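What follows is a set of notes on a single structure, which appears directly below.
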Amino acid sequence: MPETQCFAYDRLDEMLVCSCNFITDKDIVDVVNSLLDEDCWQLIVPAKVYHAMQKRGRCCGCFPNVVDIIIRTTEQYHARRDSTGDEIFDFMTRLKQFHEENRRADLERRQKSHRAA
Numbered sequence: 012m013p014e015t016q017c018f019a020y021d022r023l024d025e026m027l028v029c030s031c032n033f034i035t036d037k038d039i040v041d042v043v044n045s046l047l048d049e050d051c052w053q054l055i056v057p058a059k060v061y062h063a064m065q066k067r068g069r070c071c072g073c074f075p076n077v078v079d080i081i082i083r084t085t086e087q088y089h090a091r092r093d094s095t096g097d098e099i100f101d102f103m104t105r106l107k108q109f110h111e112e113n114r115r116a117d118l119e120r121r122q123k124s125h126r127a128a
């Protein structure tokens with residue numbers, strides 16, 4: 012079997028998150044876990060993940076999905092650690108609140124830009 016077919020077969024269970032940079036959900040999870048290994052309470056944002064992969068956001072349409080993967084991965088990471096429930100809850104609440112505020116701001120910008128002056 013040629014090398015490219017083996018590579019494609021191995022990646023069938025991975026989801027393509029960023030088509031501009033060909034980044035899968037597994038790539039993001041691996042980077043987030045390595046960042047959390049360095050400092051488990053740091054705030055991880057898409058720009059930090061992309062920087063760690065030596066990539067740049069191009070159209071940035073994938074960033075909301077990247078944030079969801081960061082949140083899910085961070086929750087799973089802390090569930091495996093000996094962290095207290097209060098530490099995890101407070102951190103994840105703040106992260107989700109930050110995510111929702113930015114999503115609302117993004118939607119408001121879109122609505123204003125489509126209005127007739």
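Letter by letter, the sequence shown follows residues 12 to 128 in the working numbering.
Virtual Cβ for every residue (Gly too), placed ideally from N, Cα, C.
Computed from a predicted structure; not experimentally measured.
From the options, residue whose alpha carbon lies closest to that of residue i
| i | options | result |
| --- | --- | --- |
| V78 | A58, A90 and L27 | A58 |
| N44 | K66, S30 and I55 | I55 |
| D9 | Y88, P75 and R105 | No statement about residue 9 is possible, as the shown extent of the chain runs from 12 to 128 and does not include it. |
| E112 | P75, Y61 and C71 | P75 |
| K107 | C31, V28 and I81 | I81 |
Length of the line joining the Cα atoms of residue i and residue j
| i | j | result |
| --- | --- | --- |
| C73 | D36 | 11 Å |
| D2 | W52 | Residue numbering for the chain in the displayed model covers 12 to 128; residue 2 lies beyond these limits and cannot be assessed. |
| A63 | R105 | 23 Å |
| M26 | D38 | 10 Å |
Opening and closing residue of the alpha helix (DSSP H) in which residue i lies
| i | result |
| --- | --- |
| L146 | The question about residue 146 has no answer here: the residues shown for the chain are numbered 12 through 128. |
Where the beta strand (DSSP E) through residue i begins and ends
| i | result |
| --- | --- |
| V28 | L27 to C29 |
Helix, strand or coil at residue i according to DSSP, with G and I counted as helix
| i | result |
| --- | --- |
| V56 | coil |
| D24 | coil |
| Q87 | helix |
| F18 | Model confidence at F18 stands at a pLDDT of 42, short of 50, so the residue's coordinates are unreliable; what they give is reported in the following sentence. Reduced to three states, the DSSP call for F18 is helix. |
| R105 | helix |
| R67 | coil |
heavy atom of the ligand GTP below 8 Å from residue i C-beta
| i | result |
| --- | --- |
| E49 | Absent from the structure shown: the ligand GTP. Ligands present: none. |
Closer than 9 Å to chain C by CB, residue i
| i | result |
| --- | --- |
| Q108 | Among the protein chains of the structure shown there is no chain C, as only one such chain exists. |
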